[in-house]
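*Asks:* Take this structure first; my questions come after.
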Amino acid sequence: MPAIVTGKFTVVMMDTTNPRTINTGMTNIRALQIVNPITAAGEFGGVAYTTDQLQSDTPGAFLYNGAYQAIGLPIVGGTFTLNHRAFQQVGQTYYWEARGD
73 MPAIVTGKFT VVMMDTTNPR TINTGMTNIR ALQIVNPITA AGEFGGVAYT TDQLQSDTPG
133 AFLYNGAYQA IGLPIVGGTF TLNHRAFQQV GQTYYWEARG D
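Under the working numbering, residues 73 to 173 are what the sequence shown spells out, in order.
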(Lines of atoms letter the chains of each structure in order from A and count residues from 1; the text may use other names and numbers.)
(Lines give C-alpha, C1' and ligand atoms only; values in the text may rest on other atoms or scores of the structure.)
Protein backbone atom coordinates (compact mmCIF):
# COMPACT_ATOMS: atom_id res chain seq x y z
CA MET A 1 0.00 0.00 0.00
CA PRO A 2 1.41 3.43 -0.91
CA ALA A 3 2.50 5.72 1.89
CA ILE A 4 1.39 9.33 2.21
CA VAL A 5 3.76 11.93 3.63
CA THR A 6 2.92 15.61 4.12
CA GLY A 7 4.94 18.68 4.93
CA LYS A 8 5.33 22.39 4.41
CA PHE A 9 8.05 24.94 3.77
CA THR A 10 8.31 28.71 3.82
CA VAL A 11 10.52 30.28 1.18
CA VAL A 12 13.51 32.34 2.33
CA MET A 13 15.75 34.52 0.16
CA MET A 14 18.36 31.75 -0.18
CA ASP A 15 15.76 29.55 -1.97
CA THR A 16 15.66 31.98 -4.92
CA THR A 17 19.31 31.38 -5.87
CA ASN A 18 19.74 27.83 -4.51
CA PRO A 19 16.50 25.92 -5.15
CA ARG A 20 15.39 23.91 -2.15
CA THR A 21 15.35 20.11 -2.26
CA ILE A 22 12.84 18.36 0.00
CA ASN A 23 13.51 14.81 1.21
CA THR A 24 10.21 13.05 1.92
CA GLY A 25 11.80 10.03 3.57
CA MET A 26 10.30 7.80 0.88
CA THR A 27 12.28 5.60 -1.47
CA ASN A 28 10.20 6.70 -4.49
CA ILE A 29 7.59 9.41 -4.97
CA ARG A 30 4.75 8.25 -7.23
CA ALA A 31 2.57 11.40 -7.05
CA LEU A 32 3.21 14.85 -5.62
CA GLN A 33 0.95 17.83 -5.00
CA ILE A 34 2.07 21.23 -3.73
CA VAL A 35 -0.40 23.92 -2.68
CA ASN A 36 0.14 27.59 -1.96
CA PRO A 37 -3.30 28.43 -0.61
CA ILE A 38 -2.94 32.19 -0.10
CA THR A 39 -0.37 34.66 -1.43
CA ALA A 40 0.95 37.66 0.47
CA ALA A 41 -1.61 39.75 -1.44
CA GLY A 42 -4.42 37.51 -0.16
CA GLU A 43 -5.02 35.82 -3.51
CA PHE A 44 -5.23 32.10 -4.23
CA GLY A 45 -1.69 30.93 -4.91
CA GLY A 46 -1.88 27.76 -6.96
CA VAL A 47 -1.67 23.99 -7.10
CA ALA A 48 1.18 22.01 -8.65
CA TYR A 49 0.85 18.31 -9.44
CA THR A 50 3.12 15.68 -10.96
CA THR A 51 3.50 11.91 -11.06
CA ASP A 52 6.32 9.47 -11.68
CA GLN A 53 4.81 8.73 -15.11
CA LEU A 54 4.77 12.40 -16.12
CA GLN A 55 8.34 12.71 -14.84
CA SER A 56 9.44 9.64 -16.84
CA ASP A 57 8.28 11.31 -20.07
CA THR A 58 9.76 14.73 -19.20
CA PRO A 59 11.91 15.00 -16.06
CA GLY A 60 10.86 18.05 -14.05
CA ALA A 61 7.45 18.34 -15.73
CA PHE A 62 4.37 19.26 -13.72
CA LEU A 63 0.92 20.80 -14.00
CA TYR A 64 0.41 24.19 -12.33
CA ASN A 65 -3.21 25.29 -12.04
CA GLY A 66 -3.88 22.89 -14.90
CA ALA A 67 -1.24 24.36 -17.24
CA TYR A 68 1.64 22.13 -18.34
CA GLN A 69 5.13 23.21 -17.26
CA ALA A 70 8.00 21.40 -18.97
CA ILE A 71 10.57 21.97 -16.22
CA GLY A 72 10.84 23.06 -12.63
CA LEU A 73 9.81 20.24 -10.29
CA PRO A 74 12.17 17.29 -10.72
CA ILE A 75 11.66 14.17 -8.63
CA VAL A 76 14.63 11.93 -7.87
CA GLY A 77 13.72 8.89 -5.78
CA GLY A 78 12.13 10.27 -2.61
CA THR A 79 13.20 13.89 -3.09
CA PHE A 80 11.90 16.81 -5.13
CA THR A 81 13.55 20.11 -6.02
CA LEU A 82 11.66 23.39 -6.23
CA ASN A 83 13.47 25.12 -9.07
CA HIS A 84 10.51 26.90 -10.69
CA ARG A 85 9.60 30.51 -9.89
CA ALA A 86 6.15 29.36 -8.74
CA PHE A 87 7.84 27.92 -5.63
CA GLN A 88 10.25 30.76 -4.93
CA GLN A 89 8.08 33.58 -3.59
CA VAL A 90 9.92 34.78 -0.48
CA GLY A 91 7.76 34.59 2.64
CA GLN A 92 5.17 32.27 1.09
CA THR A 93 4.29 28.98 2.77
CA TYR A 94 3.70 25.96 0.56
CA TYR A 95 2.10 22.68 1.68
CA TRP A 96 2.92 19.38 0.00
CA GLU A 97 1.63 15.83 -0.09
CA ALA A 98 3.68 12.99 -1.55
CA ARG A 99 2.44 9.47 -2.27
CA GLY A 100 4.84 6.65 -2.84
CA ASP A 101 6.80 3.88 -1.21
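All C-beta atoms, glycine included, are put in the ideal place defined by N, C-alpha and C.
Classify Q127 as helix, strand or coil using the three-state DSSP reduction.
*Replies:* If DSSP states are grouped into helix, strand and coil, Q127 belongs with the helices.
*Asks:* How long is the line joining the alpha carbons of T165 and V77, rounded to whole angstroms?
*Replies:* Roughly 17 Å between the two C-alpha positions.
*Asks:* Assuming A120 and L135 make a contact with CB atoms under 8 Å, what is their CB distance in whole Å?
*Replies:* Going by Cβ atoms, the distance from A120 to L135 rounds to 7 Å, so yes, they are a contact pair.
*Asks:* Are the Cβ atoms of L154 and P109 separated by less than 7 Å?
*Replies:* Cβ atoms of L154 and P109: not closer than 7 Å.
*Asks:* Could you please give me the residues that DSSP links to V119 through a beta bridge?
*Replies:* DSSP output for V119 lists V107 as bridge partner(s).
*Asks:* Contact check, E160 vs T88 under 8 Å by CB: the rounded distance?
*Replies:* It is worth fixing the name first, because residue 160 is Gln in this sequence and not Glu. Contact flag correct, Cβ pair sits at about 5 Å.
*Asks:* Which residues share a DSSP beta bridge with A133?
*Replies:* DSSP, once it has assigned bridges, lists no residue as partnering A133.
*Asks:* Per DSSP, what kind of secondary structure is T99 in: helix, strand or coil?
*Replies:* If DSSP states are grouped into helix, strand and coil, T99 belongs with coil.
*Asks:* Note down, in chain order, each residue of its chain lying with its Cβ closer than 7 Å to the Cβ of V66, except the 5 sequence neighbours on either side.
*Replies:* Coverage of the chain is limited to positions 73 through 173, which leaves residue 66 absent and any answer about it impossible.
*Asks:* Please report the distance separating the alpha-carbon of Q105 from that of A75.
*Replies:* Each residue's Cα considered, the two are about 14 Å apart.
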